[in-house]
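I have placed the structure first, in the form of structure tokens, so that the comments after it can refer back to it.
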Amino acid sequence: MIGDRAPSVASPVLSLVSSPQSSLMTQIPASLITLTIGVVVTLISLWVGQNHGLLPEQASEQAPLVDSLFNLMITIGTALFIVVEGAILWFLIRFRRPKGDDSDGLPIDGNLPLEAFWTAIPAVIVIAVAVYSVNVFQEMGGLAPDSHFMMGHKSPDAVVAQAPTGTSPVAGDTLPLLADDATVLADGSTIAPGEIEYGYGANPVGSGKVPDLLVDVTGIQYAWLFNYPDDGIVTGELHVPVDRTVQLRINAQDVIHSFWVPQFRLKQDAIPGEETGLRFTATKVGEYPVVCAELCGSYHGAMRSRVIVHEQADYDTWVAQNAPNPTASSGTVAVNPVMNTADMSDRQYLTPMAETLGVDAHALAHLHESDS
Amino acid sequence: MAQAQLPMNPETVDNPSEHKAWKWYDYFTFNVDHKVIGIQYLVLSFVFYLIGGLMAVVMRSELSTPDPDVIDPTLYNALLTNHGTIMIFLWIVPAAIGGFGNYLIPLMIGARDMAFPKLNALAFWLNPPAGLLILGSFFFGGAQAGWTAYPPLSEITANTAQSMWILAIVLVGTSSILGSVNFLVTLIKMRVPSMKLVDMPLFCWSMVATSVLALASTPVLAAGLVLLLFDINFGTAFFKPDEGGNLIIYQHLFWFYSHPAVYLMILPIFGIMSEVVPVHARKPIFGYKAIAYSSLAICIVGLFVWVHHMFTSGTPPWMRLFFTVSTLIVAVPTGVKIFSWVATLWGGKIRFTSAMLFAVGLLSMFVFGGISGVTLGTAAFDVHVHDTYYVVAHFHYVLFGGSVFGIYAAFYHWFPKMTGRMMNEGLGKLHFILTFIGTNLTFLPMHELGLQGMPRRVAMYDPAFTFINQICTVGAYLLAISVVPFIINLLWSWKRGDVAGDNPWNALTLEWTTNSPPIIENWEVLPVLRHGPYEYGMNGQSSEGAIETPEDAPVA
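Here you go:
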């Protein structure tokens, strides 16, 4: 589809402009030259589109989608670049003023078919890119940032009065239901029902399904705090199991931050007073940077953390090691601010203070390691 | 002034003493001559270009290592904020619109001055205090919230400096509104009678589009900034979420102006391209009407794309999709212009003057910046590269590779008209080569930085990015050096350059029919239009000698 378009960009332009140059190319028919150039440009563009190697590794379900869009645009862009820059260079050389020639060039001031052509072709290209990008956007879950994620939550005590699961696959029609649930859910915990309007949610396939893990993300100057409401864990680094859907609820305490994992190709601003969300499925075990992408103050550049993608078993181990004392874990009081501090590990106790103390994500991570 | 309305009246030129050139001190006064005001804009903005460039050099020095070891991160944020602010509001906009717009528009349409000369002077004189406010803000730490000044950061950081910054922007915004009114009225009402709208040089068309855009969008920015000012100083809560305010609305107000602002910075440059390329290629411009109307198309579509700056912010899905499509559509009229200039080269007798080199350099880099712009326009890909160095790379390709190259081309092209002397071609070519290499060395690698995961506006970064950053830093030093031959060239040619004559390029637009530099009321007797602005090789005038005669006749 892409490849077909490139020669069609190239050929009419080239054939039109090369036709009066019969003196230059008397031996070979212009159409043959055009065809050859078109094929070569197409091949180069296709190759560049697949092999540019500019992007980091893919570690989420969304990453291949974003990359396929980028690769398509790189392919088209390369073809356009070669054709236009090639034309510029060729014209500059071909039509440079001969020494001592002070005459004017050819009195050509327009060509309607040609102008219609180069208006129509870019229009077709950008519409095609737009359609494709809308498709990718949908596959990424961009159309359903508010997809239902509270149902069937793992923490049984918290969801006793929960509404029947899977009733609302369609985005946006669940407001009253969830609003009611909110009061039921409140339950002394900080969990509020998800009414996220902004961000990336479930893709069409996963629509209506409950995410496997819910994490509350809070941006503060200059650290990320990750709060696992089901397990009562608070940490400075995000730990997630591989191949499981993870729903992030993103908030900011002081200024706007932006949660970005380059290897996931996902980013969403953390906005004070406006909860946003990201739902993703990590597809590759490993450690990836969590970067703040919105200017948030002097040490904005130091606001970096990590997301660690575990095998499920490793993740379970990590949860077991880091969850608060099981005797205290009723499943609802994990992050209750009035919980007994004696039940907390050092790190859990300290994390809420991180902001006041100015401890950054790395310090927290350090604490975590010494803790476990 | 008013006598410009009476083009054929000999009484307008009755007092010969007024035809003397202006003295140097006239350029430091509230002078109402559009040519003086144009040069005031150019000189002031060039000084700020050097200041903004110095800030960039300091920032690139900081970024040559991953740690914040050269300057304090707080100062770094002040530099990045004011580098952007100065380059936009005190360099490109005043140079391209205020400078060349004021100098050239009356000359191109056969008017003796702008429609409202005093308003024009007032518009200029709003700029020096704005510049002083920006510079003075550094005594209070400097605004540190980026040129976007998003609250809450802008409301909790360096309040005094931020307030000075806001006042400065409101001043230049007011200047822009006044200037736009002036341009529109001048272009509509004051053309020499024989010039129809479609006889105007394309620079005039681009100034129509620019002025409409500025008038439509600047008040919105002013509103947003004044609300911000109130939040900071008078306890209001427009943008304070915990007191009932809303942060996202600021971003909408800001980008409703600031996206069109990028067209404010490039449309006049498109106009400059349409003047420089035909003259030095010795060819009629290819597709006059397509270029003229595509400026208007960009102006209109450009008002409806602002949310693409907010694809990762608080914007619902439909908005992300709508603005993806509208953003991509801008590529069509922009492409029309690019293709038209390329086609103008075909069949020409291209003269590689410094002006032409910068024009062609602009063309080649704008193609690249345009393609990366299309990639950024899609919400699905922007989610990865938003607020990264990929964006920095893109907008420097279109603003440095585009706008600044265009301003340089304009300097080389119209310097002979402004001073009566030619610029040195050798120094000009050296300047071009250094700038071209420096631009690509600085900004090309930044694409990869952004794609790989380096956010913008950081004083410290992941050490994995050190090498690429050092390439960029070397490029930035080269760019700093590249200005030196240009400054030498300007100063030396101004005093000692070859005498230019009235029309050194054998150009056909009206500004070349008067003296170099033009007399105070521009013409003794206003010219009469005998041909279009780009009829090179047409009407049987293919040799160089015949070109300038039609308009010389009425003057003589």
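Line order of the protein sequences matches chains A and X.
Under the working numbering, the first residue of the first sequence is numbered 2, with each subsequent residue one higher.
Under the working numbering, the first residue of the second sequence is numbered -13, with each subsequent residue one higher.
Cβ coordinates follow ideal geometry from the N, Cα and C atoms, glycine included.
Under the 10 Å beta carbon count, X/F453 is surrounded by fewer than 16 other beta carbons and is classified as exposed. The secondary-structure analysis by DSSP pairs A/L267 across a beta bridge with A/V262.
With a beta-carbon spacing of about 4 angstroms, A/S299 and X/P59 fall inside the 8 angstroms limit used to define contacts.
Cβ contact annotation for X/V43 (same chain, cutoff 8 angstroms, sequence separation greater than five): A462, Y463 and A466, in chain order.
Three or more Cβ pairs closer than 8 angstroms define a contact, and the region 439 to 450 of chain X meets that threshold against the region 45 to 57 of chain X. Think of a sphere of 9 angstroms around the beta carbon of A/K285: no beta carbon from chain X falls inside it, the nearest being about 15 angstroms out.
Here the alpha carbons of X/F338 and X/G392 stand approximately 15 angstroms from one another. For A/Y223, not one C-beta of chain X is nearer than 8 angstroms to its own C-beta. Cβ contact annotation for X/A64 (same chain, cutoff 6 angstroms, sequence separation greater than five): G128 and Q130, in chain order. With a threshold of 8 angstroms between beta carbons, X/H370 makes contact with chain A.
Residue environment analysis places X/F309 among the buried positions, since at least 16 neighbouring C-beta atoms fall within 10 angstroms of its C-beta. Judged by DSSP secondary structure, A/R307 falls within the beta strand (DSSP E) whose first and last residues are R305 to H311.
The beta carbon of X/M524 falls within 8 angstroms of a beta carbon belonging to chain A, placing the residue at that interface.
Assignment of A/Q59 by DSSP, reduced to helix, strand and coil, places it in the coil class.
Residues are counted here when their Cβ sits less than 7 angstroms from a Cβ of chain X; for the region 116 to 134 of chain A these are E116, W119, T120, P123, A124, V127, V130, A131 and S134, given in chain order. Out of X/T364, X/Y249 and X/H238, the CA that lies nearest to the CA of X/V198 is found in X/Y249. Between X/L515 and chain A, the shortest Cβ-Cβ separation is not below 8 angstroms. Looking at the DSSP output, X/Q438 bridges to nothing.
It is roughly 36 angstroms from the alpha-carbon of X/A109 to the alpha-carbon of X/I357. A residue is called buried once 16 or more other Cβ atoms fall within 10 Å of its Cβ, and A/D232 is buried on that count. From the beta-carbon of A/K268, the residues of chain X found nearer than 8 angstroms are T298, V369, H370, H372 and D373. The region 401 to 466 of chain X is shown to contain whole alpha helix (DSSP H) runs of 4 or more residues at 411 to 438, in chain order. Residue burial annotation: A/Q322 is exposed, with fewer than 16 other C-beta atoms found within 10 angstroms of its C-beta.
Secondary structure at X/G347: helix, using DSSP grouped into helix, strand and coil. By the criterion of at least three beta-carbon pairs nearer than 8 angstroms, the region 145 to 153 of chain X is not in contact with the region 189 to 206 of chain X.
Residues of the same chain with a CB within less than 8 angstroms of the CB of X/P504, apart from the 5 flanking positions on each side, are K21, L93, K403 and E497 in chain order. About 4 angstroms separates the Cβ atoms of A/P242 and A/Y316, confirming a contact at the 8 angstroms cut-off.
The Cβ-Cβ distance between X/K335 and A/G287 does not fall below 8 angstroms. Between the alpha carbons of X/M45 and X/I419 lies a distance of about 24 angstroms. Exclusion of the five residues before and after X/N17 leaves no residue of its chain whose Cβ lies closer than 6 angstroms to its Cβ. Using a Cβ-Cβ cut-off of 8 angstroms, X/A267 is close to F96 and G106 of chain A, given in chain order.
When DSSP states are grouped into helix, strand and coil, A/R97 belongs to the strand group. By the beta-carbon neighbour count (other beta carbons within 10 angstroms, threshold 16), X/S180 is exposed. Taking 8 angstroms as the cut-off, the beta carbon of X/P270 is found closer than this to the beta carbon of X/Y522.
Shown here, A/N228 sits in a strand according to DSSP, grouped into three states.
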